[in-house]
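>
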Ligand code: TRP
């Protein structure tokens with residue numbers, strides 16, 4: 001039954017990295033990175049983003065692995081074990097809550113990818129220009145049942161894979177398919193770059209215009225970094241607990257973060273040059289990818305077939321991410337509330353669906369319902385990416401940097417002294433000083449409390 005002593009673990013080094021990368025690489029890279037970059041001015045945003053990944057992201061990720069693998073538990077249980085009687089477990093609770101919110105809007109967008117699979121199959125993506133594709137996207141969002149149906153189908157897929165369990169479900173899917181998605185993205189890049197007028201898009205993405213750096217852009221860069229790496233809510237504590245004792249944690253964090261950033265940049269190179277060549281606005285919001293990429297596909301031989309394969313693979317990339325988020329809630333219910341895995345999954349998936357269907361509606365019929373000028377979708381996205389994840393990350397690095405015994409951290413990172421960890425002092429410096437100070441500074445700066 002639900003024997004917590006018999007936890008699953010990834011069966012190979014490749015399996016662990018593939019599944020963790022499967023969590024990190026998803027809509028965050030291909031859908032969210034381009035649209036957020038477009039809204040925040042391009043090159044300067046990218047520069048800050050990369051800086052945050054290197055200084056903060058890899059540090060938080062390594063810390064999550066250290067916590068997860070040493071405790072062998074879900075985030076809540078891990079903090080309970082490592083810091084008995086102390087309030088650190090609240091990070092775990094916030095993580096479960098963040099998982100609910102993220103799943104609500106993330107599954108919504110995952111549903112959109114299924115709609116585009118369907119549209120590619122029906123041949124409806126061909127022969128349309130930018131404005132027709134924009135219209136098609138908006139009409140879909142306002143359709144009385146389609147986006148809701150796709151949401152539920154996607155949530156169902158996610159739940160089924162979670163019920164099948166870690167080894168059988170996650171690992172198998174993650175490792176075979178993602179290289180294909182990368183090949184398709186590279187193909188899109190080549191086509192986009194050979195369009196007339198694409199240079200302006202490259203310039204937009206890579207030429208940092210420092211006047212575009214605003215407090216808002218800095219917070220968005222931090223939030224996007226956390227979101228894209230799947231850090232700050234315990235997903236990687238949970239996955240860290242499945243990493244084998246002989247794998248190198250810091251190295252894994254490094255490679256996953258670099259690959260994740262690479263995929264985001266590739267998505268940017270597929271989208272911005274095409275956008276500038278074909279005429280469109282970088283700040284067109286959540287629809288950006290769904291409008292630009294079909295335009296590029298139309299300009300490739302057998303484009304409709306490639307579009308079909310692309311959206312299928314994108315849906316699978318999204319699926320390896322949604323399962324990693326749902327897994328956080330399920331691991332909590334199974335290990336802490338002692339629920340059976342199947343029951344826990346069904347309860348988690350159905351309660352997420354309640355908020356999720358409202359989120360779907362907020363992109364269509366309920367779009368008038370706003371707070372601070374944002375609809376439900378926008379609120380959940382902003383609240384999780386820009387606030388909850390960085391706060392979670394802040395406490396995670398504070399925990400490792402200042403609370404958890406340094407000798408224990410060192411044992412975990414050196415696999416009980418069996419491997420050398422040359423960068424351990426660097427990591428300690430980052431986790432104690434750089435990461436917490438930087439995250440705090442970004443918050444204070446974006447609130448207007450400090451100025452540079
Ligand atoms: N990182 C994933 C993506 O980029 C999304 C994701 C999965 C996530 N698990 C997460 C985001 C945990 C935040 C926290 O698509």
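Numbering (our numbering), first residue to last: 1 to 452.
Where is the CB? At the ideal position from N, CA and C, for every residue including glycine.
Since the structure is predicted, the reported quantities are computational estimates derived from the model, not experimental observations.
#1: Among 321, 209, 285 and 443, whose alpha-carbon lies nearest the alpha-carbon of residue 388?
#2: By alpha-carbon positions, which one of 329, 361, 360 and 362 ends up nearest to residue 346?
#3: Roughly how many angstroms lie between the CA atoms of residue 130 and residue 295, to the nearest whole one?
#4: Rank 36, 238 and 108 by C-alpha distance to the C-alpha of residue 64 and give the top, closest one.
#5: Nearest by alpha-carbon distance to residue 209: which of 46, 415 and 394 is it?
#6: Roughly how many angstroms separate the alpha carbons of residue 448 and residue 39, rounded to a whole number?
#7: Mind reading off the beta-carbon distance from residue 233 to residue 42? Whole number of angstroms is fine, and I expect it under 8 Å.
#8: Output needed for residue 335: all residues of its chain with C-beta closer than 7 Å, excluding positions within five of it in sequence on either side, in chain order.
#9: Under three-state DSSP, which class holds residue 374?
#10: In this structure, does DSSP put residue 438 in helix, strand or coil?
#11: Is any heavy atom in ligand 1 found nearer than 6 Å to the beta carbon of residue 223?
#12: What are the boundary residues of the alpha helix (DSSP H) that residue 410 is part of?
#13: Could you have a look at residue 281 and say whether DSSP puts it in helix, strand or coil?
#14: Do residue 141 and residue 417 have their C-beta atoms closer together than 7 Å?
#15: Got a sec: does ligand 1 put a non-hydrogen atom nearer than 6 Å to the Cβ of residue 363?
#16: Looking at residue 394: is its Cβ nearer than 7 Å to the Cβ of residue 323?
#17: Can you tell which of 267, 80, 160 and 134 has its C-alpha closest to the C-alpha of residue 190?
#18: Please state whether the Cβ-Cβ distance between residue 283 and residue 48 is less than 7 Å.
#19: Suppose contacts are defined by Cβ-Cβ distances below 7 Å. Is residue 414 in contact with residue 407 by that definition?
#20: Should residue 150 be labelled buried (16 or more other beta-carbon atoms within 10 Å of its own) or exposed?
#21: Which of the three DSSP states, helix, strand or coil, is assigned to residue 230?
#22: For a test of your reading of the model: does the CB of residue 61 fall under 6 Å from any non-hydrogen atom of ligand 1? Yes or no.
#23: If you draw a straight line from the alpha carbon of residue 368 to that of residue 231, how long is it in whole angstroms?
#24: Skipping 5 residues on each side, what residues in its chain have a beta carbon closer than 7 Å to that of residue 58?
#25: When we look at the beta-carbon of residue 2 and count the other beta-carbons within 10 Å, is it buried (16 or more) or exposed?
#26: Which residue marks the beginning of the alpha helix (DSSP H) containing residue 294, and which one marks its end?
#27: So residue 240 and residue 67 are supposed to be a Cβ contact under 8 Å. How far apart are they, rounded?
#28: To the nearest angstrom, report how far apart residue 195 and residue 304 are at their CA atoms.
#29: When the Cα atoms are used, what is the spatial distance from residue 285 to residue 331?
#30: Span of the alpha helix (DSSP H) holding residue 426?
#31: With distances taken Cα to Cα, identify the nearest neighbour of residue 235 among 136, 327, 157 and 18.
#32: Compare the beta carbon distance of residue 192 and residue 276 with 7 Å and say whether it is the shorter of the two.
#33: Express the C-alpha separation of residue 445 and residue 216 in angstroms, rounding to a whole number.
#34: Are residue 224 and residue 376 closer than 7 Å when you measure CB to CB?
#35: When we look at the beta-carbon of residue 397 and count the other beta-carbons within 10 Å, is it buried (16 or more) or exposed?
Result, derived from the coordinates:
#1: Counted from its first residue, the chain shown places residue 388 at position 388. That would be 443, whose Cα lies nearest to the Cα of residue 388.
#2: Here the question's residue 346 lines up with position 346 in the chain shown. The shortest Cα separation from residue 346 among 329, 361, 360 and 362 belongs to 329.
#3: Within the chain shown, residue 130 is the residue found at index 130, counting from 1. Within the chain shown, residue 295 is the residue found at index 295, counting from 1. Computed Cα separation, rounded: 7 Å.
#4: Working through the chain shown from its first residue, we reach residue 64 at position 64. The option with the nearest alpha carbon to residue 64 is 238.
#5: Residue 209 sits at position 209 when you count from the first residue of the chain shown. Of 46, 415 and 394, the residue nearest in Cα terms is 46.
#6: Along the chain shown, one-based indexing puts residue 448 at 448. Along the chain shown, one-based indexing puts residue 39 at 39. Taking the straight line from one Cα to the other gives about 20 Å.
#7: Numbered from 1 along the chain shown, position 233 holds the residue referred to as residue 233. Numbered from 1 along the chain shown, position 42 holds the residue referred to as residue 42. That belief does not hold up - the Cβ atoms of residue 233 and residue 42 are roughly 28 Å apart, past 8 Å.
#8: Reading the chain shown from its first residue, position 335 is the one you call residue 335. The answer, listed in chain order, is 4, 73, 74 and 77.
#9: Position 374 of the chain shown holds residue 374. DSSP places residue 374 in strand when its eight states are reduced to three.
#10: On the chain shown, position 438 is the one that residue 438 refers to. The answer is helix: DSSP assigns residue 438 an H, G or I state.
#11: As a first step, residue 223 must be located in the chain shown, where it is residue number 223. Checking the Cβ of residue 223 against ligand 1 gives no.
#12: On the chain shown, position 410 is the one that residue 410 refers to. Unbroken alpha helix (DSSP H) run through residue 410: 406-413.
#13: To locate residue 281, count along the chain shown from 1; it is residue 281. DSSP places residue 281 in coil when its eight states are reduced to three.
#14: On the chain shown, residue 141 is found 141 positions in, with the first residue counted as 1. On the chain shown, residue 417 is found 417 positions in, with the first residue counted as 1. Going by C-beta atoms, residue 141 is not nearer than 7 Å to residue 417.
#15: The residue labelled residue 363 in the question sits at position 363 within the chain shown. For ligand 1, not one heavy atom lies less than 6 Å from the Cβ of residue 363.
#16: Reading the chain shown from its first residue, position 394 is the one you call residue 394. Reading the chain shown from its first residue, position 323 is the one you call residue 323. No, Cβ-Cβ distance for residue 394 and residue 323 is not below 7 Å.
#17: Your numbering for residue 190 matches position 190 in the chain shown. Cα-wise, what sits closest to residue 190 is 267.
#18: Position 283 of the chain shown holds residue 283. Position 48 of the chain shown holds residue 48. No, the Cβ-Cβ distance between residue 283 and residue 48 is not below 7 Å.
#19: By one-based count along the chain shown, residue 414 stands at place 414. By one-based count along the chain shown, residue 407 stands at place 407. Not in contact: residue 414 and residue 407 (Cβ atoms no closer than 7 Å).
#20: Here residue 150 refers to the residue found at position 150 when the chain shown is read from its first residue. Residue 150 should be labelled buried.
#21: Taking the chain shown and counting its residues from 1, the one referred to as residue 230 is at position 230. In the structure shown, residue 230 sits in coil (DSSP, three-state: anything other than H, G, I, E or B).
#22: Your numbering for residue 61 matches position 61 in the chain shown. No, the beta carbon of residue 61 sits no closer than 6 Å to any heavy atom of ligand 1.
#23: By one-based count along the chain shown, residue 368 stands at place 368. By one-based count along the chain shown, residue 231 stands at place 231. Roughly 32 Å between the two C-alpha positions.
#24: Here the question's residue 58 lines up with position 58 in the chain shown. Same-chain partners within the cutoff: 253, 254 and 257.
#25: The residue labelled residue 2 in the question sits at position 2 within the chain shown. Bear in mind that the predicted position of residue 2 carries a pLDDT of just 38, short of 50, making it too unreliable to give a figure here.
#26: For this step, residue 294 is matched to residue 294 along the chain shown. Taken as a continuous stretch (DSSP letters only), the alpha helix (DSSP H) holding residue 294 covers 288-297.
#27: On the chain shown, position 240 is the one that residue 240 refers to. On the chain shown, position 67 is the one that residue 67 refers to. That belief holds up - the Cβ atoms of residue 240 and residue 67 are roughly 7 Å apart, short of 8 Å.
#28: In the chain shown, the residue the question calls residue 195 occupies position 195. In the chain shown, the residue the question calls residue 304 occupies position 304. The straight-line gap from Cα to Cα measures roughly 18 Å.
#29: In the chain shown, the residue the question calls residue 285 occupies position 285. In the chain shown, the residue the question calls residue 331 occupies position 331. Roughly 34 Å separates the two Cα atoms.
#30: Counting from one through the chain shown, the residue named residue 426 turns up at place 426. Here the alpha helix (DSSP H) through residue 426 covers 424-429.
#31: Taking the first residue of the chain shown as position 1, residue 235 is located at position 235. With distances taken between Cα atoms, residue 235 lies closest to 327.
#32: Counted from its first residue, the chain shown places residue 192 at position 192. Counted from its first residue, the chain shown places residue 276 at position 276. No, the pair does not count as a contact, with Cβ atoms beyond the cut-off.
#33: Position 216 of the chain shown, counted from the start, is the residue given in the question as residue 216. Position 445 of the chain shown, counted from the start, is the residue given in the question as residue 445. Cα to Cα, the separation comes out at about 9 Å.
#34: Within the chain shown, the letter at position 224 stands for residue 224. Within the chain shown, the letter at position 376 stands for residue 376. No, they are not a contact pair.
#35: Within the chain shown, residue 397 is the residue found at index 397, counting from 1. With 16 or more Cβ atoms within 10 Å of its Cβ, residue 397 is classed as buried.
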